[in-house]
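Notes for the one structure printed next.
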Amino acid sequence: MAKENTNTDSLISVIISGIEDIKGKEINILDLRNIDNTVCDYFIICEGTSNTQVSAIVNSIQKKVSKELKDNPWHTEGMDNAEWVLIDYVNVVVHVFQKHIRDYYDIESLWGDAITTTIETSY
Numbered sequence: 003m004a005k006e007n008t009n010t011d012s013l014i015s016v017i018i019s020g021i022e023d024i025k026g027k028e029i030n031i032l033d034l035r036n037i038d039n040t041v042c043d044y045f046i047i048c049e050g051t052s053n054t055q056v057s058a059i060v061n062s063i064q065k066k067v068s069k070e071l072k073d074n075p076w077h078t079e080g081m082d083n084a085e086w087v088l089i090d091y092v093n094v095v096v097h098v099f100q101k102h103i104r105d106y107y108d109i110e111s112l113w114g115d116a117i118t119t120t121i122e123t124s125y
């Protein structure tokens, strides 16, 4: 169990780093472990200002995770229009939004029982 937590912690750290490299905004980590019937342990949610930035964030995350942890996502969807891209690493699911789509779906409110950690950025 400790090894799994260490792997998940490392994965989250590398994902956050990949988002920050492309200056992704409004980064939140939702801890879903204490909620019944969830599909994963964590959601990481962030936003970009355009489809170009959303695509760049997704590519940054995938390259960093592949290089540093030798891991690839189980599934990725939404790259066609890059308004909402989901990257599924099984225990951690990353949602990269454009602001208007994030506001519309309001994932954080849907998972209001989750423990939310906001990542402060310096840019």
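Every number in the working numbering is 2 more than the matching position in the sequence shown, counting from 1.
A virtual CB, placed ideally from N, CA and C, is assigned to each residue, including glycine.
- Ile-63 counts as buried, since at least 16 other C-beta atoms from the protein chains shown sit within 10 angstroms of its C-beta.
- Judged by pairs of C-beta atoms under 8 angstroms, the stretch 59-77 touches the stretch 14-26, as three or more such pairs exist.
- With fewer than 16 other CB atoms across the displayed protein chains lying within 10 angstroms of its CB, Ile-117 is exposed.
- Of the other Cβ atoms in all chains shown, fewer than 16 fall within 10 Å of the Cβ of Leu-112; this residue is therefore exposed.
- Taking all protein chains shown into account, Tyr-106 has fewer than 16 neighbouring C-beta atoms within 10 Å of its C-beta and is therefore exposed.
- Looking from the CA of Asp-115, the closest CA among Phe-45, Glu-122, Lys-101 belongs to Phe-45.
- Just so you know, the alpha carbons of Gly-80 and Trp-86 end up roughly 6 angstroms apart.
- In this structure, DSSP gives Ile-14 a helical state, which the three-state scheme calls helix.
- Residues of the same chain with a CB within less than 8 angstroms of the CB of Ser-68, apart from the 5 flanking positions on each side, are Asn-74 in chain order.
- Counting along the chain, the unbroken alpha helix (DSSP H) around Ile-63 starts and ends at 53-71.
- Beyond the five residues adjoining it in sequence on each side, His-77 comes within less than 6 angstroms, by CB distance, of Asp-90 in the same chain, given in chain order.
- For Leu-112, the secondary structure class from DSSP, reduced to helix, strand or coil, is helix.
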